[in-house]
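Before any comments, here is the structure.
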Amino acid sequence: MLSLYPKREMVMQSGIPSYTLGLDIGIASVGWCVLGQNRIIDLGVRAFDKAETAKEGDSLNLVRRSARLMRRRLRRRAWRLTKLARLLKRHGVIDDTRIFQPQHPFLHSLWQMRVAGLDRPLSNEEWARVVYHLCKHRGFHWISRAEERQAEADNKGEGGKVKQGLAGTAKLMQENGYRSSAEMVLAEFPKAQRNKQGDYSKALARTLLGEELALLFKRQRELGNPHTGTALELAILGNGNRKSGLFWAQKPALAGNDLLRMLGKCTFEKGEYRAPKASFTAERHVWLTRLNNLRIVVDGGTRPLNAQERQIALPLPYTYDSDFTYKRLRSALLKAGHLPESFRFAGLPYPSAAQQADEKAKDPEAAALVKFPAWQEMRRTLKKAGLETEWHGMAGAAIDGRPELLDQIAWVLSVFKDDEEVTAELRKLPLPSSEQMIDALLDIRFDKFHALSLKALRRIVPHMEVGLRYDEACAQVGYHHSQLHKAGEGEHKYLPPLYAGRDKSGRMVFSEEMDVPRNPVVLRALNQARKVVNAIVRRYGAPMAAHIEMARDLSKPIDERRKIEKNQTEYRERNDKDKALFAEHFQRMPTGIEFEKWRLYREQQGKCAYSVEPLDINRLLEQGYVEVDHALPYSRSFDDSKNNKVLVLAKENRDKGNRTPYEYLGGAESTPRWQTFVAFVESTKAYRLAKRSRLLRKDFSAKEAEEFRERNLNDTRYICRFFKNYVERYLQLAEGDKTKRCVVLSGQLTSFLRARWGLLKVRGNNDRHHALDAAVVAACSHGMVKRLSDYARRRELEKVREGFVDLETGEIVSPAMFQQLRQHFPDPWPHFRDELEARLNIDDPVQLRADMERLGSYPTEALEQLHPLFVSRAVVRREGGEIHKAKIFSIKASEVNRAFEKVPLSSLTLAKLEKMVGKDDPRNHSLYEILRERLSKFDDDPKKAFGPQQPKILKPSKDAKNAPEVRAVRVEITQNAGLLVRGGIADLGEMVCVDVLRQTDGFAVIPQYQASRSKMRGATVSSVEGNFCFSLTKNEFVEVVIGEETIRGYFVMYESDGRMTLRGHDQPQPDKRFFRKSIFKATRATKFHVDVLGNIYPARPEPRRGLA
């Protein structure tokens, strides 16, 4: 084992040259490469599980949090009922508090007993059980008017359904004059008094039940019940404020000082709390950010709004009753006469002419440019309350630069939740029509907060009002926007943790000074990248520079990532169709450049993009006939996207040189060629706005070109800026040039270089391609960018006529110039591709050293340390977790592996129906046939078959009118192993680890769970003897020898039939084909430790864990 995977001594190598660190950070991997001046020093991959559920994309903490909150609610309810039982005992109503336990059932209906209590005195036990029943099932209660109003607006959600149910039962009470809710329920719902499966038609308000309990106390007191004293009633129902008393007892919502303890501090002003997003200043900041970043496309050029256009746009969102859309801004700008009808907003997905002709395209300008949810909510609420004049006064003051009152209102409505607290806080403010406005504002609550405080925003916003971008405004007031500290300030030898420590409850606390992203997927990826960087620095010292690339979908939610995957699939399908058409015409499959020419030929309707002359399709593949050109010259734009490529005659390409179409075709003089070109571009239906803008662009000065290059070279997303600033601030880089030593490169640039260097990236084969990406990223230095620019200029100018002026330098093109420019596409060094592919793919260290020795760039010491790439995987260790799954199945004691599950019709399939309990009983045959026919009719889709729009399923009965509704059926399942819980059985929670024991003739594997073995049922409880060797958790590396075969892989899972699954170190997904066997007959099993960089060591001896 160790001969195949030699370990590297974890000490810094002597004589390590200066190096560049390349990182490719993705959702579940970090590719890394240590690149020297003329060789690859080291490279590898760190893989880890995504910090989200595989199917839903939810946070891993969501299930735990939901279960924890449920346990907390149940615990609080149990304690409240325990206190009630003790109270009833103290007052002599009962002798033993255990009377309410399940083993002491009450034989009469408590609903009927509650009605009887209005007309006759109840016995002590009856009275105690009635009170207990009402306090246990005390109905629904809104903690504030705002919560109730919010539920009204959510008709389809659960809150809306509850609200409708409460309104329905209240209406029944009022219309029919029932004395109590119990009387109403028994009369209106005689068959079933409880709600079932999302049906809230019988929902009762807590206020209604409180009134019933108060009436019962009154009637029982009148009827002579001795246990209806004022002290007992006060202890249960309280003093009438709907807060005191056991019936009303409820932990208040997190608000006020309790909420402030959880609220973060401002990014810039560390002593200030974050501002509510509902404040006028925060919403104004959002609007100014959108406005100042807005770009419009006019005559092919992209620019921001000028001063006049900004003044028109600035007040507009406040004049509408709904969201402010791009279309509304367009209308205002056109009405003012400042812009032509043809202008467009940059960044919107305008449909092509072909899409418009299909009448399926959506108008992109119908999208909201900015939303003011809090502003609109307050405006609507105060207008409805007859306070429109008062609102206009406060709103006008805020727009004029005096937003303090609206900001204070937003603070109160965001921080305080209880109506009484909100009322008290609002009374402290100088509100017009104070009491009337307070009453209206009680219908509103807000709950989100900005990253900055009101103090910081009030310093920044005035500078944005005059047109400065957010970063420029921050600089004006002494803040540093996305870089709070200067590069190099507070440097460490290693990157510090993203957490500041733990709080009193043991939870990890984020470092406030870093403003760490809270997205768990992003956080895990960044934390793993930090570990990789620190391990590299520990081994090789500080890098000269760090180059980083991040996956485009790293911070996107799973629904957006799935949408991207869907679009990619559709794009591949279109390409396949186009390739089939090519093959049909040319009788063979195309090469890469041939397919690009074919695609552009079809897109351009078979015409040259510049001269608009028809192209001969039969000469399309002829050398020197047509060429693919960059509309905006690559040397000036670094834009290699499809939106910047056109197919042109070779002569046109030579004559154009490194000019734009506007410069080449005489756009400034409005020549006939330019006018013909413009008409062609605007009439080509397949051209999207992005391509049309590049082709018609007029202004492409040196400044514009530099901005274009920066956008195409660097990735400016927030998460990229954060990690760049994190490295620059905390990591002490090696001595050298201080300019741009940490950069985040765009994926477009690295993709271009990878393709031109002939580096094939096949994602599905293995995880090694992440290291390939990291090597390309590391090689993309500033010197490489300059060489790439020179090469592109040469290609653009090599065949132009004499006397042609190079627009990049202003010089006349001459033969001497070509001698200075690179003739061939630049490589980092000779044989870079061969070296990288060998380092990626060769697993034999002897062969690898021999191949690298032939290159002549590896010193002897480096060759001795050389090792094959080995993917490191983060070990998943579980110290806690659920003991068993939530669902409990019914069982029969006499049957070992059978259990029974109640399956709602919305989840019932034909396969489950065949396992219905009692299916063969003649009495159930009719029901079975009804269910089978319904499922068959809807292609076995239970959601459609038993949806709300379909007739209800009634159990066949002689009395059809009173036939019971069938909502679920009982199904038999096979339950080989599980945990006995409250008379049933539940699936075991996740396996903590497996213990590997040495026996006389092989090895035994014992799974370990959190659950007690004494309560397990099935194969997992069988006792096995042997000498303990080691424990395995997911992604720990193990070597197994069975006969002549030696298997090495990461542990994936152990199955109840005794088989263990391993995965190869570079397998992207475990598939059970690599290794899925029992190790009972193995002759050797050895566990190894793999560190972050892929070094392999024998695992240290470990004691056996003491589990339940």
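1 is the number of the first residue of the sequence shown in UniProt numbering; add one for each residue after it. Heads up, the beta-carbon is just placed ideally off N, CA and C, and yes, glycines get one too.
Where does residue 992 sit, in a helix, a strand or coil, going by DSSP?
Residue 992: coil per DSSP, three-state reduction.
Residue 44, buried or exposed, once every other Cβ within 10 Å from all chains shown has been counted against 16
Within a 10 Å sphere around the beta-carbon of residue 44 sit 16 or more other beta-carbons, which makes this residue buried.
Using the C-alpha atoms, what's the distance from residue 404 back to residue 208?
Roughly 41 Å separates the two Cα atoms.
Can you name the start and end residues of the alpha helix (DSSP H) that residue 928 belongs to?
Counting along the chain, the alpha helix (DSSP H) containing residue 928 begins and ends at 925-937.
Those runs of the beta strand (DSSP E) which lie wholly inside the segment 884-910 and span at least 3 residues
Correct list: 884-891 and 898-904.
Looking only at DSSP bridge pairs, what is residue 265 linked to?
Answer by DSSP bridge pairing, in chain order: 273.
Closest Cα partner of residue 472 within the set 391, 618, 289 and 530
Comparing Cα-Cα distances from residue 472 to each of 391, 618, 289 and 530, the minimum goes to 289.
Which residues bound the beta strand (DSSP E) around residue 32?
Start and end: 29-35.
Taking the alpha helix (DSSP H) that residue 1109 falls in, what are its first and last residues?
Limits of the chain in this structure are 1 at one end and 1108 at the other, which puts residue 1109 out of reach.
Around the Cβ of residue 24, are there at least 16 other Cβ atoms within 10 angstroms (buried) or fewer (exposed)?
Its Cβ being crowded by 16 or more others within 10 Å, residue 24 is buried.
By Cβ distance, which residues of its chain are closer than 7 Å to residue 97, with the 5 residues on each side in sequence left out?
If the five residues before and after residue 97 are omitted, its C-beta is found closer than 7 Å to the C-beta atoms of 85, 86 and 89, all from its own chain and listed in chain order.
Is the beta carbon of residue 249 less than 8 Å from the beta carbon of residue 205?
Contact: no.
Whose CA, out of 932, 956 and 1099, lies closest to the CA of residue 923?
Per the Cα distances, 956.
Euclidean distance between Cα positions of residue 661 and residue 697
Annotation: residue 661 to residue 697 spans about 8 Å, alpha carbon to alpha carbon.
Could you check what DSSP says for residue 865 in three-state terms: helix, strand or coil?
Here residue 865 sits in helix by DSSP.
Whose C-beta lies closer than 6 Å to the C-beta of residue 183 among residues of the same chain, with five residues either side of it excluded?
Excluding the 5 residues flanking it on each side, residue 183 has same chain C-beta neighbours closer than 6 Å at 115, in chain order.
In angstroms, rounded to a whole number, what distance separates the CA positions of residue 540 and residue 611?
Taking C-alpha positions only, residue 540 is separated from residue 611 by approximately 56 Å.
To which residues of the same chain is residue 876 closer than 8 Å at the C-beta, ignoring the five residues directly before and after it?
Cβ neighbours of residue 876 beyond the five flanking positions: 49, 1033, 1034 and 1035.
Between the C-alpha atoms of residue 348 and residue 617, what's the straight-line distance to the nearest angstrom?
One C-alpha to the other measures close to 34 Å.
Cβ-based burial, residue 529 [other Cβ within 10 Å; buried from 16]:
It is buried - the Cβ of residue 529 has at least 16 other Cβ atoms within 10 Å.
Cβ separation of residue 467 and residue 257, assumed to be a contact under 8 Å, to the nearest whole Å:
Actually they are not in contact, since the Cβ atoms of residue 467 and residue 257 sit about 40 Å apart, beyond 8 Å.
Taking buried to mean at least 16 other C-beta atoms within 10 Å of its own C-beta, is residue 3 buried or exposed?
Residue placement at residue 3 is poorly supported in this model, since its pLDDT is 40, which falls under 50; the coordinates are not used for a value here.
Exposure label - residue 564; buried when at least 16 CB within 10 Å:
So residue 564 ends up on the exposed side.
One question on the structure: do residue 255 and residue 417 come within less than 8 Å of each other, judged by their Cβ atoms?
Yes, the pair counts as a contact, with Cβ atoms nearer than the cut-off.
Considering only the alpha carbon of each residue, which of 1013, 977, 723 and 862 lies closest to residue 1057?
Closest option to residue 1057, judged by alpha-carbon separation, among 1013, 977, 723 and 862: 977.
Does the segment 423-440 touch the segment 224-237, meaning 3 or more C-beta pairs lie closer than 8 Å?
Judged by Cβ distances under 8 Å, the segment 224-237 makes no contact with the segment 423-440, as fewer than three pairs qualify.
If you count every other CB in all the chains shown that lies within 10 Å of the CB of residue 1176, and 16 or more means buried, which is it?
In the structure as shown, the chain begins at 1 and stops at 1108. Residue 1176 is therefore absent and cannot be evaluated.
Let me know the secondary structure DSSP gives residue 1008 once reduced to three states.
The answer is strand: DSSP assigns residue 1008 an E or B state.
Would you kindly work out how many angstroms separate the C-alpha atoms of residue 328 and residue 319, rounded to a whole number?
Each residue's Cα considered, the two are about 11 Å apart.
Please return the same chain residues whose Cβ sits closer than 8 Å to the Cβ of residue 265, not counting the five positions on each side in sequence.
Taken in chain order, the residues that qualify are 271, 272, 273, 274, 453 and 512.
Inter-residue Cα distance where the pair is residue 163 and residue 387
Going from the Cα of residue 163 to the Cα of residue 387 covers about 27 Å.
In the DSSP assignment, find the alpha helix (DSSP H) that holds residue 1190 and state where it starts and stops.
Since the displayed the chain opens at 1 and closes at 1108, residue 1190 lies outside it and no answer follows.
At what residue ranges does the segment 202-258 contain a whole run of the alpha helix (DSSP H), taking only runs of 4 or more?
Taking only runs of at least 4 residues, the alpha helix (DSSP H) segments lying wholly in the segment 202-258 are 206-222 and 230-237.
Residue burial classification, residue 152 (beta-carbon count within 10 angstroms, cutoff 16)
Burial call: exposed.
Taking only runs that begin and end inside the segment 566-616, name each unbroken alpha helix (DSSP H) of 4 or more residues, in chain order.
Runs found: 592-603.
For residue 653 and residue 629, which I take to be in contact (beta-carbon distance under 8 Å), what is that distance rounded to the nearest angstrom?
5 Å between Cβ atoms; contact.
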